[in-house]
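**Student:** This is the structure, below, for whatever I ask next.
2 protein chains.
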Amino acid sequence: MARYHDIAEAVRGAITRGFYERGSQLPSERELSEEFDVAPGTIRQALGELETEGVLASRRGSRRTVVGEPRPAATFEEFRSFAQWASSRGRVPAGHVISGVWQDASPLDREELRLPTAARVFCVVRVRLLDGSAIMVERTRYRDSVGAEVEQISSDCPSVTAWLAATANITFSRAEHQFSACPAGAEDARLLNVRRGSPLLMHKRVSFSRDGLPLEWSVDRYVAGTISLVVDNSLNANALRWA
Amino acid sequence: MARYHDIAEAVRGAITRGFYERGSQLPSERELSEEFDVAPGTIRQALGELETEGVLASRRGSRRTVVGEPRPAATFEEFRSFAQWASSRGRVPAGHVISGVWQDASPLDREELRLPTAARVFCVVRVRLLDGSAIMVERTRYRDSVGAEVEQISSDCPSVTAWLAATANITFSRAEHQFSACPAGAEDARLLNVRRGSPLLMHKRVSFSRDGLPLEWSVDRYVAGTISLVVDNSLNANALRWA
DNA sequence: AAGTGGTCTAGACCACGTT
DNA sequence: ACGTGGTCTAGACCACTTT
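Residue numbers (UniProt numbering), protein chains in the order written: chain A, 1 to 243; chain B, 1 to 243.
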């Protein structure tokens, strides 16, 4: 739809097809604006997209440089949702609910979800399978408005995210993630079929609505070696920090 | 220097000071352009910066919404460099080199660093300390041009990154990171003073120059519980993917 | 000196969401 | 119907780098 996005895709495609080689130089923005018959600003917007992806690096005075392979450009949803990620890779996601109960919000819940002093949260423990084997246990706590919807989802629904978007018009637009490592606890070991104390990748996540309201927070634990996380960052765009 | 950046900072500051409350609504872009006496496009660029940070969320028809607390906006360097991160937090970074040797590039080196079939790499093993205790072991492999500089660095230099920038004019402009969990091996256990098999956060990293040339790649292993990684993503800007 | 990217102007039109 | 953000135009000037 947007012209600048089409141009970005066109340039990305030209790089993929080898028309522009790695390390070679793109035409100047003014030349490109004539070639595509758009205003220079539109070209800048297009190239800006590719710069953020790390495909291009710009230099003044000299000419801008083609840097690397274009990335598949993973979407936000693909990352946030286990099922959508798996499907996009041609793997088979599955999952079942171990428990789903309403609890009074703990102080931690109230902080993460910005809840008033008296509030309930819907707590779900799920085990996620990839191609038939358990790789992750997920402990999620939903704020009441979302929990009321989640409660109605059948326990073997492959994608909670997709269900919420389709039937309750609840979508996530931003998330904050924290990663660390931890030893498997007793319940982890039982659910994931690993030994106690074996290494797990821990992923804490808080997901927000478009309005910035925290909708859920979750602690997921992955069996080491099954899955890993990839992040790009650059001088232009950095979404990472240590804590 | 750039007007749009000043405006972004001004709005960020206004949010921090509570002038705009969380969940409240910003003036329209046209109003802001009058207030700051700039063209509308400049305002868009400024607000775009805040949207990517997740501080603002925009909606059409209604008015755009102030979403959350402004983040400290960690810089790329702060994340890439252990020493710079630690210093910025008022903690004491230290490190010493366990070994530093030239080796023939392995097939893996050649792939990660895009080297020709015959090439050397400079391999360094370092232990990093935070406030006096060992928390990370780092195994880095530099391409020869960088290795030649690294070789001259004294073994207790706190920040290799800062040294390279200052004396050899070598700067990193982009990096790709991969995170997973793994058990401590024999050497890890000895260097980090933990038991074999205890969980470590594994961080593989490839760093690139402005021109997209891979300069080094590294596998760092952190003692679980000492440090964790935080990432933001959103529908607008997503730098994460599973692998 | 010439060319480039980075920034900015002062508009325009459209699609969308709310009223 | 109206106001909003999203996109785009057709320029301009400056800072920087290389020639």
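Using N, Cα and C, we set each Cβ at its ideal position, and we do this for glycine too.
Can you give the Cα-Cα distance for W242 (chain B) and V230 (chain A), rounded to whole angstroms?
**Tutor:** The count along the second sequence starts at 1 and reaches residue 242 (chain B) at position 242. The count along the first sequence starts at 1 and reaches residue 230 (chain A) at position 230. So the alpha carbons of these two residues sit roughly 6 angstroms apart.
**Student:** Which whole runs of the beta strand (DSSP E) in the segment 18-95 of chain B are 3 residues long or more, in chain order?
**Tutor:** Those beta strand (DSSP E) runs which fall completely within the segment 18-95 of chain B and span 3+ residues do not exist here.
**Student:** Is the separation between the beta-carbon of E216 (chain A) and that of T167 (chain A) shorter than 8 angstroms?
**Tutor:** Sequence index remark: in the first sequence, residue 216 (chain A) carries index 216 (1-based). Sequence index remark: in the first sequence, residue 167 (chain A) carries index 167 (1-based). Result no, Cβ atoms of E216 (chain A) and T167 (chain A) do not sit closer than 8 angstroms.
**Student:** Could you confirm whether any beta carbon from chain A is found closer than 8 angstroms to the beta carbon of G54 (chain B)?
**Tutor:** Walking along the second sequence from the start, residue 54 (chain B) turns up at place 54. Closer than 8 angstroms to some Cβ of chain A, the Cβ of G54 (chain B) qualifies, so yes.
**Student:** Considering only their Cβ atoms, is the gap separating L47 (chain B) from R12 (chain B) smaller than 8 angstroms?
**Tutor:** Looking up residue 12 (chain B) in the second sequence gives position 12. Looking up residue 47 (chain B) in the second sequence gives position 47. No, the pair does not count as a contact, with Cβ atoms beyond the cut-off.
**Student:** Under 7 angstroms Cβ-Cβ, which residues of chain A neighbour I15 (chain B)?
**Tutor:** Counting from one through the second sequence, the residue named residue 15 (chain B) turns up at place 15. Near I15 (chain B) there are no residues of chain A at all, since even the closest Cβ is about 11 angstroms away, more than 7 angstroms.
**Student:** Could you tell me if D188 (chain A) is buried or exposed, where buried requires 16 or more neighbouring beta carbons within 10 angstroms of its beta carbon?
**Tutor:** What you label residue 188 (chain A) is simply residue 188 of the first sequence in a count that begins at 1. With 16 or more other Cβ atoms within 10 Å, it is buried.
**Student:** Could you check whether G100 (chain A) and V124 (chain A) sit closer than 8 angstroms to each other, using their CB atoms as the reference points?
**Tutor:** Within the first sequence, numbered from 1, the residue matching residue 124 (chain A) stands at position 124. Within the first sequence, numbered from 1, the residue matching residue 100 (chain A) stands at position 100. Against a cut-off of 8 angstroms, the Cβ pair of G100 (chain A) and V124 (chain A) comes out as a contact.
**Student:** Just the chain A side, please: which residues come within less than 7 angstroms of A57 (chain B) by C-beta, in chain order?
**Tutor:** Locating residue 57 (chain B) in the second sequence gives position 57, counting from the first residue. Those within 7 angstroms of A57 (chain B) in chain A are S173, R210, D211 and G212.
**Student:** Ignoring anything shorter than 3 residues, give me the beta strand (DSSP E) runs that lie fully in the segment 208-238 of chain A, in order along the chain.
**Tutor:** For the segment 208-238 of chain A, whole beta strand (DSSP E) runs of length 3 or above, ordered along the chain, are 214-223 and 229-234.
**Student:** Would you say A243 (chain A) reaches chain B, if we count a Cβ-Cβ gap shorter than 8 angstroms as a contact?
**Tutor:** In the first sequence, the residue the question calls residue 243 (chain A) occupies position 243. Cβ-Cβ to chain B under 8 angstroms: yes for A243 (chain A).
**Student:** Rounded to a whole number of angstroms, what is the C-alpha to C-alpha distance between R190 (chain B) and A86 (chain A)?
**Tutor:** Within the second sequence, residue 190 (chain B) is the residue found at index 190, counting from 1. Within the first sequence, residue 86 (chain A) is the residue found at index 86, counting from 1. For R190 (chain B) and A86 (chain A), the distance between alpha carbons rounds to 38 angstroms.
**Student:** By alpha-carbon positions, which one of A:Y4, A:G95 and A:V206 ends up nearest to M136 (chain A)?
**Tutor:** Position 136 of the first sequence, counted from the start, is the residue given in the question as residue 136 (chain A). Per the Cα distances, A:G95.
**Student:** For L108 (chain B), count neighbouring C-beta atoms within 10 Å of its own C-beta (all shown protein chains included) and say buried if the count is 16 or more, exposed if not.
**Tutor:** Numbered from 1 along the second sequence, position 108 holds the residue referred to as residue 108 (chain B). Looking at its Cβ environment, which holds fewer than 16 other Cβ atoms inside 10 Å, L108 (chain B) is exposed.
**Student:** Which residue wins for smallest C-alpha separation from Q178 (chain B), given the options A:G225, A:R17 and A:T75?
**Tutor:** Numbered from 1 along the second sequence, position 178 holds the residue referred to as residue 178 (chain B). Out of A:G225, A:R17 and A:T75, A:G225 has the C-alpha closest to the C-alpha of Q178 (chain B).
**Student:** Quick one: residues in its chain with C-beta nearer than 7 angstroms to the C-beta of A237 (chain B), no 5 flanking neighbours on either side, listed in chain order?
**Tutor:** The count along the second sequence starts at 1 and reaches residue 237 (chain B) at position 237. Result list for A237 (chain B): T52, in chain order.
**Student:** What's the C-alpha gap between A165 (chain A) and S159 (chain B)?
**Tutor:** The sequence position of residue 165 (chain A) within the first sequence is 165, counting from 1. The sequence position of residue 159 (chain B) within the second sequence is 159, counting from 1. Roughly 47 angstroms separates the two Cα atoms.
**Student:** May I ask you to report which of helix, strand or coil DSSP gives P107 (chain B)?
**Tutor:** Start at 1 with the first residue of the second sequence, and residue 107 (chain B) comes out as number 107. DSSP places P107 (chain B) in helix when its eight states are reduced to three.
**Student:** Run down chain A in chain order and give the residues with a C-beta less than 7 angstroms from the C-beta of V124 (chain B).
**Tutor:** Numbered from its first residue, the second sequence carries residue 124 (chain B) at position 124. Simply none; closest approach about 21 angstroms.
**Student:** Rounded to the nearest angstrom, what separates V150 (chain B) and S180 (chain A) at their Cα positions?
**Tutor:** On the second sequence, position 150 is the one that residue 150 (chain B) refers to. On the first sequence, position 180 is the one that residue 180 (chain A) refers to. Near 29 angstroms, if we compare the C-alpha coordinates of S180 (chain A) and V150 (chain B).
**Student:** Hey, quick one: how far does the alpha helix (DSSP H) through S133 (chain A) stretch, first residue to last?
**Tutor:** Taking the first sequence and counting its residues from 1, the one referred to as residue 133 (chain A) is at position 133. Careful: S133 (chain A) lies outside any alpha helix (DSSP H), inside the beta strand (DSSP E) at S133 to R143.
**Student:** Verify whether the separation of the beta carbon atoms of F36 (chain B) and I15 (chain B) is less than 8 angstroms.
**Tutor:** Here residue 36 (chain B) refers to the residue found at position 36 when the second sequence is read from its first residue. Here residue 15 (chain B) refers to the residue found at position 15 when the second sequence is read from its first residue. For F36 (chain B) and I15 (chain B), no; Cβs fall outside 8 angstroms.
**Student:** Going by the DSSP bridge assignment, what does S99 (chain A) pair with across the sheet?
**Tutor:** Along the first sequence, read from residue 1 onward, the residue named residue 99 (chain A) stands at position 99. Beta-bridge pairing links S99 (chain A) to A:V125.
**Student:** Report buried or exposed for R205 (chain B), applying the criterion of at least 16 other Cβ atoms within 10 angstroms of its Cβ.
**Tutor:** Position 205 of the second sequence holds residue 205 (chain B). Buried, since its Cβ has 16 or more Cβ neighbours within 10 Å.
**Student:** Could you tell me the distance, in whole angstroms, from the CA atom of P116 (chain B) to the CA atom of L115 (chain A)?
**Tutor:** As a position in the second sequence, residue 116 (chain B) is number 116, starting the count at 1. As a position in the first sequence, residue 115 (chain A) is number 115, starting the count at 1. Whole-angstrom Cα-Cα distance: 57 angstroms.
**Student:** Helix, strand or coil, according to DSSP, for R201 (chain B) in the structure here?
**Tutor:** The residue you call residue 201 (chain B) lines up with position 201 of the second sequence. Looking at the sequence provided, one finds Leu at residue 201 (chain B) rather than Arg. Reduced to three states, the DSSP call for L201 (chain B) is strand.
**Student:** Taking the continuous beta strand (DSSP E) assigned at A181 (chain B), which residues delimit it?
**Tutor:** One-based indexing of the second sequence puts residue 181 (chain B) at position 181. Start and end: R174 to P183.
**Student:** Start and end of the beta strand (DSSP E) containing R241 (chain A)?
**Tutor:** For the purposes of this step, residue 241 (chain A) is taken as the residue at position 241 of the first sequence. That run of the beta strand (DSSP E) goes L240 to W242.
**Student:** With distances taken between CB atoms, is the gap from L200 (chain B) to R174 (chain B) smaller than 8 angstroms?
**Tutor:** To locate residue 200 (chain B), count along the second sequence from 1; it is residue 200. To locate residue 174 (chain B), count along the second sequence from 1; it is residue 174. Going by C-beta atoms, L200 (chain B) is not nearer than 8 angstroms to R174 (chain B).
**Student:** If T65 (chain B) sits next to G54 (chain A), beta carbons under 8 angstroms apart, how far is it from one beta carbon to the other, in whole angstroms?
**Tutor:** Position 65 of the second sequence, counted from the first residue, corresponds to residue 65 (chain B). Position 54 of the first sequence, counted from the first residue, corresponds to residue 54 (chain A). With a Cβ gap of about 30 angstroms, T65 (chain B) and G54 (chain A) do not count as contacting.
**Student:** Taking C-beta to C-beta, are S234 (chain B) and F76 (chain A) nearer than 8 angstroms?
**Tutor:** On the second sequence, residue 234 (chain B) is found 234 positions in, with the first residue counted as 1. On the first sequence, residue 76 (chain A) is found 76 positions in, with the first residue counted as 1. Closer than 8 angstroms, so yes.
**Student:** List, in order along the chain, the chain B residues whose C-beta lies closer than 8 angstroms to that of D232 (chain A)?
**Tutor:** What you label residue 232 (chain A) is simply residue 232 of the first sequence in a count that begins at 1. Going along chain B in sequence order, the residues near D232 (chain A) (Cβ under 8 angstroms) are R174, A175, E176, H177 and A239.
**Student:** Alpha carbon to alpha carbon, how far is L26 (chain B) from R59 (chain B)? Give it in angstroms, no decimals.
**Tutor:** As a working mapping, residue 59 (chain B) is identified with position 59 in the second sequence. As a working mapping, residue 26 (chain B) is identified with position 26 in the second sequence. When rounded, the distance between both Cα atoms is 11 angstroms.
**Student:** Who pairs with R120 (chain A) in a beta bridge, going by DSSP?
**Tutor:** Numbered from 1 along the first sequence, position 120 holds the residue referred to as residue 120 (chain A). The partner list for R120 (chain A) (beta bridge, DSSP) reads A:D104.
**Student:** For the alpha helix (DSSP H) that contains A8 (chain A), what are its first and last residues?
**Tutor:** Against the first sequence, residue 8 (chain A) aligns to sequence position 8. It spans R3 to T16 - the alpha helix (DSSP H) in which A8 (chain A) sits, taken as one unbroken run.
**Student:** Using beta carbons (cut-off 8 angstroms, strictly below), is V38 (chain B) in contact with chain A?
**Tutor:** Within the second sequence, numbered from 1, the residue matching residue 38 (chain B) stands at position 38. No, its Cβ sits nowhere closer than 8 angstroms to a Cβ of chain A.
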